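With full-length UniProt numbering applied, the sequence shown corresponds to residues 1 to 183, in that order.
Worksheet: the structure to be examined is printed underneath.
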Amino acid sequence: MNIVIIVGSLRKDSYNMQLAKTMQERYSAKMNIDIADIRSLPHYEQDEENNPPETVKKFKQSIANADGVIIITPEYNWSIPGVLKNAIDWASRVDKVFIGKPVMAAGVSIGMAGTLRAQLHLREILSGLQAQLLPPSGNEILINFAAQKFDDQSGRLADEPTLGFLDVVVDKFVDFVKLSKKD
Ligand code: FNR
1 MNIVIIVGSL RKDSYNMQLA KTMQERYSAK MNIDIADIRS LPHYEQDEEN
51 NPPETVKKFK QSIANADGVI IITPEYNWSI PGVLKNAIDW ASRVDKVFIG
101 KPVMAAGVSI GMAGTLRAQL HLREILSGLQ AQLLPPSGNE ILINFAAQKF
151 DDQSGRLADE PTLGFLDVVV DKFVDFVKLS KKD
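Written out as structure tokens, the structure reads:
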């Protein structure tokens, strides 16, 4: 199973990127995970959408080829970061690579709210793109108080209860992706 993770933070020590890397390593027996490069995407530009820059083509192709997508995002000002919205905007046009694509959402915050408001916005945006979202009930990966749950040394998620919950949701996502392939 080929999965692409899109991370909504460009920060060097990003907790959300640390979660992506944790998942890439932890679930390597279940899925081949690539982390998409959104740093190199230019600002969305409608005049370019029919023949976009190579980085955009590559990004869209990686989503088109994937069996599923995991979006891991921080919350910025009660929503998703602009860099993530920019990437989604490119992906939403012309060949519309999110249509029918199984998507799982996750997020990490340093405060209490665990990216809930950002994920609600993300779900709204992806519904408009006709992505197939893993239903939220029991599957909301809202990791708060990141400094207490990630290990500074390894740069990976280290909180056992959170890892255990993540294992359960990832297994459900794997089933969800398999079911979607039968459609
Ligand atoms: C934030 N942060 C934040 N946190 C939150 O819970 N709700 C919010 O609305 C915001 N807004 C916000 C705006 C901007 C511009 C920044 C830079 C930060 C804090 C944010 O959760 C924190 O910086 C995370 O550590 C960002 O994720 P990464 O970069 O560690 O993955």
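Cβ coordinates follow ideal geometry from the N, Cα and C atoms, glycine included.
Just so it is clear, the structure is predicted and the values come from calculations on it, not from any experiment.
- For residue 111, the distance from the CB to the nearest heavy atom of the ligand FNR is below 7 Å.
- Judged by their CB atoms, residue 87 and residue 38 are nearer to each other than the 8 Å cut-off.
- With a minimum length of 3 residues, the unbroken runs of beta strand (DSSP E) contained wholly in the UniProt domain "NADPH-dependent FMN reductase-like" (1 to 136) fall at 2 to 7, 32 to 35, 68 to 72 and 102 to 108.
- Burial state of residue 146 is buried, judged by a 10 Å Cβ sphere holding 16 or more other Cβ atoms.
- No heavy atom of the ligand FNR is found nearer than 7 Å to the CB of residue 105.
- Distance between residue 110 and residue 74, taken at the CA atoms: about 9 Å.
- Residue 56 is positioned such that its CB atom lies no closer than 8 Å to that of residue 36.
- When 139, 113, 155 and 105 are compared, the shortest CA-CA separation from residue 127 is found for 105.
- Under the three-state reduction of DSSP, residue 173 is assigned to helix.
- Residue pairing by DSSP places residue 151 opposite 156 in a beta bridge.
- Taking all protein chains shown into account, residue 153 has fewer than 16 neighbouring C-beta atoms within 10 Å of its C-beta and is therefore exposed.
- By alpha-carbon distance to residue 113, the top candidate from 169, 143, 13 and 176 is 143.
- Shortest gap from the CB of residue 66 to any heavy atom of the ligand FNR: 7 Å or more.
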